[in-house]
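Residue numbers (our numbering), protein chains in the order written: chain W, 506 to 614; chain Y, 73 to 362. Here a beta-carbon is modelled for each residue, glycine too, at the ideal position from N, C-alpha and C.
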Amino acid sequence: MIRKNASELESGMTLAKPVYDMQGVLLLKEKTLINTKNIQVLKAWGVSRVWVEGEATDEERDVENLEKRDLKAIEEELTQRLGKEDLQDPVMNVILKTAVKLIAERTAH
Amino acid sequence: MVQQASFISPSRIVRKIEDLPTLPRTVMKITELVNNPKSSAKDLARVITEDQVLTARLLRLVNSSFYGFPQKISTVTGAIVLLGFDAIRNLLLTTSVFDMFAGSGRKSEQIQEQLWDHSLGCAVSAKVIGSFTRYEKIEELFVAGLLHDIGKIVEMIYMPTEYEKVTRLAREEKVLIAVAEERIFNFTHARVGQLLAKRWNLPNKLESIIAYHHHPEKAGRFSLEAGIIQLADLFCRALMMGSGGDQRIPSLNQNVWKQVAIGTENLGKLMAEIEKEYRDIRSFLTNAQD
């Protein structure tokens, strides 16, 4: 399984994971065969990266590890800024998770 | 460990407040016109067009993606008719405050830039919360977000040494600036902001929001608006938009959360919208100053 930028997608690739938009609405199912039409759909919905089937190269693996580390670092940073009791609050938890995702996307641009 | 400074006497604070800058003359004049029910769009246009910089800014702002009007607005009168008096006053107030931020920097330029980003993040968050909850005057929420921490700017410019102690205490003890201010000054930026709002003759609503954005329950008939700003402050801190001077994300005010009634399931959409609008307006306002 490899993570690809939307701009790197080519017809004939197969989605390894379903794709959702920012609001969690399903755009494309797992195993969908990529064609020019659904590349356009992904771009139109602002999806920047998707998982496709295949073997990752070393370079791609490095990038993926870096992204995971980034997400973890952002989450740790934000958690430190919260009070302990705030982490027990279900609403604050959703705010935290959403913020981690958005900040990671911002820094990836 | 930071040593606590002796409390600043109230008379000294009042003297400092008297030294505060007034708004540019044109903006003052516009505020007067907006408050006068007899004023016409023409009267307002005459005052604005006397100032070339304001005219250019107004036209750039109304034609920006922030408003998203389908066709180009090329005259000041057109902009006034389309946006309304209050929105125009708010727009001009916004750019004047930006000037105040930009012009005051010497030593603490970076801290001020961070505070500007924080204020802008809060303004955008408040606007997005407002449109999400169908609040009638989202312009007002935007301006309130932008000005909510104006008291910090005053402290930064007029009491730089004391303010530095406040930020150091906030950093070392991991508390909000307001908590550090209470310990060092015995008052907070919310009070200073309220005094400035009075001096600038800002509307009562704005003054109350600035004064009570940490305690919306005390804001009387404007408690909803003060609560929206408190929530907006939380969102922009969680999204790490600039810095309010400390590194904290405040706790969620459960009463405000219930009152604003966004719903946990809508947080993803709402925060993504805040992020998008923040990026848009930030690049626009930065370029508008060139």
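Determine the DSSP secondary structure at Y:Thr336, reduced to helix, strand or coil.
helix
What residues in the segment 316 to 328 of chain Y have a beta carbon less than 7 Å from any beta carbon of chain W?
From the segment 316 to 328 of chain Y, only Gln319, Arg320, Ile321, Ser323 and Leu324 have a Cβ closer than 7 Å to chain W.
Using 8 Å as the Cβ pair cut-off and three pairs as the minimum, do the segment 157 to 169 of chain Y and the segment 208 to 226 of chain Y touch?
yes
With DSSP collapsed to three states, give me the class of Y:Tyr139.
coil
Y:Gly193 CB to nearest chain W CB: under 9 Å?
no
Compare the C-beta of W:Thr603 against all C-beta atoms of chain Y and say whether one is closer than 9 Å.
yes
Answer with yes or no whether the minimum CB distance from W:Pro595 to chain Y is below 9 Å.
yes
Run down chain Y in chain order and give the residues with a C-beta less than 7 Å from the C-beta of W:Gly559.
Those do not exist, as W:Gly559 stays about 29 Å from chain Y at its closest Cβ, beyond 7 Å.
Should Y:Gln319 be counted as a contact of the ligand MG given a C-beta to heavy atom distance under 8 Å?
The model depicted lacks the ligand MG and carries no ligand whatsoever.
What distance in whole Å lies between the Cβ atoms of W:Asn540 and W:Ser619, which are believed to be in contact at a cut-off of 8 Å?
Beyond the ends of chain W as shown, which are 506 and 614, falls residue 619 of chain W; an answer cannot be given.
Which value, in whole angstroms, describes the spacing of the CA atoms of Y:Ser112 and Y:Phe157?
Rounded to whole angstroms, Y:Ser112 and Y:Phe157 show a C-alpha spacing of 9 Å.
If Y:Lys199 and Y:Thr149 are in contact, beta carbons under 8 Å, what's the gap, nearest whole angstrom?
For Y:Lys199 against Y:Thr149, the beta-carbon gap comes to about 25 Å, at or over 8 Å, which does not count as contact.
Along the segment 299 to 314 of chain Y, where does the CB come closer than 9 Å to a CB of chain W? Name the residues.
Leu306, Phe307, Arg309, Ala310, Leu311 and Met312
Closer than 6 Å by C-beta to W:Ala561: which residues in its own chain qualify, once you throw out the five before and the five after it? Chain order, please.
These residues qualify, in order along the chain: Ile507.
Tell me W:Val546's beta-bridge partners as DSSP assigns them.
None, per the DSSP bridge assignment.
Could you work out which residues of chain W lie near Y:Thr205, taking near to mean beta carbons separated by less than 7 Å?
None at all; the shortest Cβ gap to chain W is about 16 Å.
Tell me the rounded alpha-carbon separation between Y:Val247 and Y:Ala283.
20 Å
Give me the chain Y residues within the contact set of W:Leu592, using Cβ-Cβ distance strictly less than 8 Å, ordered along the chain.
Per Cβ cutoff of 8 Å: no residues; W:Leu592 is ~11 Å from chain Y at best.
Using the three-state DSSP reduction, which class does W:Thr537 fall into: helix, strand or coil?
coil
Use the C-beta contact count for Y:Val226: other C-beta atoms within 10 angstroms, 16 or more gives buried, fewer gives exposed.
buried
Which residues, in order along the segment 336 to 353 of chain Y, keep a beta-carbon less than 7 Å from a beta-carbon of chain W?
Of all residues in the segment 336 to 353 of chain Y, Thr336, Leu339, Gly340, Lys341, Met343, Ala344 and Glu347 have a Cβ within less than 7 Å of some Cβ in chain W.
Skipping 5 residues on each side, what residues in its chain have a beta carbon closer than 7 Å to that of Y:Ile321?
Leu306, Arg309 and Ala310
For a test of the three-state rule: what should DSSP assign to Y:Gln361, helix, strand or coil?
At Y:Gln361, the pLDDT of 47 sits below 50, so the modelled position is not reliable and the matter cannot be decided from this model.
What does the alpha-carbon distance come out to for the pair W:Lys542 and W:Leu532?
12 Å
Please go through the same chain and pick out, in chain order, the residues whose beta-carbon is closer than 7 Å to the beta-carbon of W:Lys536, but skip the five residues on each side of it.
Thr519 and Leu520
Thinking C-alpha only, which one of Y:Ile281, Y:Asn327, Y:Ile210 and Y:Val134 is nearest Y:His261?
Taking Y:His261 as reference, the option from Y:Ile281, Y:Asn327, Y:Ile210 and Y:Val134 with the minimal CA-CA separation is Y:Ile281.
9 Å is my cut-off, CB to CB: does W:Arg586 come that close to chain Y?
Yes, W:Arg586 counts as interfacial toward chain Y.
I'd like to check one pair, W:Leu601 with W:Glu580: are the Cβ atoms closer than 9 Å?
yes
From which residue to which residue does the beta strand (DSSP E) around W:Asn510 run?
Ile507 to Asn510
Terminal residues of the continuous beta strand (DSSP E) containing W:Val555?
Taken as a continuous stretch (DSSP letters only), the beta strand (DSSP E) holding W:Val555 covers Arg554 to Val557.
Strictly below 8 Å CB to CB, what residues from chain Y border W:Leu583?
Those are Ala310, Met312 and Ile321, listed as they occur along chain Y.
Suppose only complete runs of 4+ residues qualify. What are the alpha helix (DSSP H) ranges in the segment 160 to 222 of chain Y, listed by chain order?
181 to 204 and 210 to 219
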